[in-house]
Every structure is written in structure tokens, then in C-alpha cells.
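So the structure is just underneath, and the comments pick up after that.
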Amino acid sequence: MIQSVAIQGFQGSFHEVAARRFFGAQPALRPCATFAGVVTHVVNGTAQAGLMAMENSLAGSILPNYLLLERHPVRVTGEVYLPIHQHLLALPGTTLAEVRAVHSHPMALRQCGEFLDRHPHWALVETDDTGRSAQLLAEQRPAGVAVVAGAQAAAQFGLQILAPAIHDDPHNYTRFLVLERADTAQPDPAADKASLYFCAPHAPGSLAAVLARVAAHGLNLSKLQSGPRPGQPWHYGFHADVEFAALGQLERLLADLEPVTEELRVLGAYRRGSMAEAMGEGSEADLSLRDEDNEPSVIARRCDEAILPFSATNLMK
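Under the numbering used here, the residues of the sequence shown are numbered 439 to 755, in order.
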């Protein structure tokens, strides 16, 4: 039984919600300031498992996390989908007219771009975690500051929901992967999904040859993400998620891909998470993501630190 789980984020974060949803109430959670910290705990054995967000249905993939999967001896052993409900939180009694700055993680701000763009006089400040932003607002009580976070953070830190459901699209979900040490993770005979990493020759038609073989085996390719290959400028590796009914289908596919790839690795075979369950949930949660390498346009505005008592916690990327 898993006794400890490393998560990125702090109390009130979406990672906390996802970890409890997947593992239950028993394991101790180890909050980490970065996704790299999550992987380090798993590799070093100071946490038996880790939970790491990989992509959001509005803001897209968190590309640095794919590099973490490539470069460290971890195994993907599960996944979980969760609905994201972003709210504008403030100290009790605050009005919209009093807001001068909004703090949150850049991914959370990015998901609420349409709402935030209707208030161009607000300074947007990137922070390392939505839950942590809510906590600091409650503790330090700066005037004129609001945060974007979930209802769980509002309840935990005594904040009011000044504007509910401010995310751009109601169909807002984040996918998380469960990680364990590669040398101790146990295979799951009921696995029906696998995360692969492959490199194809830098030649015309090489990627098409890989995709054609996946199609020929009748497997669903649910994700394809390219990433740079260090030391080889403009050469790319690919992360692919494939779904299957039985492990034998995956084994036959891997054998067929060997001749058309330069590198082929299975990062994990696991039971797919239920998107149907996530879509049917009305649960509230906030988003705790970081290290998104794509700078959202809505983050172009920066704030005068003179009006932000806890701006030292901001990550101005």
C-alpha cells in the first residue's frame, strides 16, 4: 500500500484534490515547490509515489514534465482526470471595484483569460501555486489583491468567492499521471493504456511510418506530443499514449515499431483514467500547475510591487 505521495503544490491545490481522489485519505502528502521536486522524491524513495499534472484541456501540455519522464527512472502507473473550476477569491468584504491585482499560477491565469481581459486595469502576477496564493492572501491580507483558485482553497483559508466560474470554458479538465520508481513499480496485468517515448529517423515519412503501424494494429492514439532532443538541434522525440484491450496488443505493436524507430521506450502501462466520471462530477477544485513553458498572452501585464505585500513569492518568468 502506498504510504506517501509527492505532489506539486500546497494545501488547497488541485494536486491535493487529485491525489486524494486517486489514493484516498490514507497516504501522507509531501508538498513540493516544483514538478522536479516531485520526481526527485520518487527517485530517491522519500515518497513511494508522485502525482504530476501533464496537460489541461484549455491551456495544453506542460512540456517540461515530458522531459522529466524522459530523463529520470520513473514509471507511469496510473492517471486521473479532474474537472477544474476557477474562481476569483478575495478577502471577505472586498468588492470587484477594489481589486487592483490578481495573483495566481500562470496556467490558472491563462485558463481565465477572457474574464481577466475584461479588467485591463488589473495587474496580473504570476505565482508558484494557486493554493499557496490563497493562503498568503489570507495570512498577509494585502488590500486590493485577489487570487484565482478553487472553491477548496476558499473554504480552507476563509476567502470569499468574488466571481465564480471565471474559466473560459466550462469543459475544463486536467490530466495527471501517477509515478513510481522504475525499479520497484509492479506491472499491472489489467493495464489498457501505455505511455511511450520514441524517436524516428530524421527523414521524410519516418513519423508517418510509425503512425501507420499504430493504425494498422487498430489501437487508439490518444496523445502525441513532440519535444526537442538535447544535443540534436531541430530533431524531435515523441511521447505517445496508446489505448488497447489487452497487453498482447501492446506487445505486438512494440515489436512492429522497432524497425521504424531509433529509440523506443515504454514509460508505463496502466489502467486508463475515467474521463466520463470526471465529466459527471460537480466537484470544486483549484489548479496547481507550474513550469508551463508557453507564456500566455494574458500574463503580459505586470504589477507594481509597491502594492503587493507578498510579491516576493512571485515567479516572474
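Positions of the beta carbon are idealized from the N, C-alpha and C atoms, including for glycine.
- Gly675 sits buried, since 16 or more C-beta atoms from the chains shown fall within 10 Å of its C-beta.
- Here Glu701 carries a strand assignment [DSSP, helix/strand/coil].
- For secondary structure counted as the beta strand (DSSP E) over 3 or more consecutive residues, the segment 525-574 holds these complete runs in sequence order: 525-528, 539-542, 561-564.
- As for any beta strand (DSSP E) of minimum length 3 sitting wholly inside the segment 570-613, the runs are 583-587, 598-601, ordered along the chain.
- By the Cβ rule, the segment 539-554 does not count as touching the segment 648-663, because fewer than three pairs are nearer than 8 Å.
- For the segment 472-506, the full-length alpha helix (DSSP H) segments reaching 4 residues or more read 473-482 along the chain.
- With a cutoff of 8 Å on beta-carbon distance, Gly596 and Ala576 are scored as near each other.
- In this structure Phe636 is in contact with Ala678, their Cβ atoms being roughly 7 Å apart against a cut-off of 8 Å.
- Residue range 670-681 is occupied by the beta strand (DSSP E) that includes His677.
- The Cβ-Cβ distance between Val586 and Leu634 does not fall below 8 Å.
- Annotation for Glu618: Ala487, Arg513, Thr515 place their beta carbon closer than 6 Å to its own, counting only its chain and skipping 5 residues before and after.
- Taking C-alpha positions only, Thr612 is separated from Met490 by approximately 10 Å.
- When DSSP states are grouped into helix, strand and coil, Gln464 belongs to the coil group.
- Pairwise C-beta distances place the segment 499-509 out of contact with the segment 532-541, as fewer than three of them are shorter than 8 Å.
- In the structure shown, Ala638 adopts coil according to DSSP, grouped into three states.
- Residue state for Gln687 is assigned as helix, using DSSP reduced to three classes.
- For Ala444, the uninterrupted beta strand (DSSP E) run begins and ends at 442-446, by DSSP.
- Note that the C-beta distance between Leu615 and Met492 is below 8 Å.
- For Leu659, the enclosing beta strand (DSSP E) begins and ends at 658-667.
- In this structure, Gly588 lies near His523, with their beta-carbon atoms less than 8 Å apart.
- The residues Pro465, Ala466, Gln486, in chain order, have a CB closer than 7 Å to that of Gln441 in the same chain once the five nearest residues on each side in sequence are set aside.
- Within the same chain, Cβ atoms closer than 7 Å to the Cβ of Asp607 are found at Leu496, the five residues on either side in sequence being excluded.
- Assignment of Arg619 by DSSP, reduced to helix, strand and coil, places it in the strand class.
- Going by DSSP, Glu517 is part of the beta strand (DSSP E) stretching over 512-521.
- Only buried fits Gly447, as 16 or more other CB atoms lie within 10 angstroms of its CB.
- DSSP places Ser633 in the strand class (E or B) of the three-state scheme.
- Distance from Ile500 to Arg468 at the Cβ level is roughly 20 Å; contact not present, criterion being Cβ atoms closer than 8 Å.
- When the Cα atoms are used, Ser542 and His609 turn out to be separated by approximately 20 Å.
- The C-beta distance from Ala620 to Leu685 rounds to 18 Å, too long to fall under 8 Å, and the pair is not in contact.
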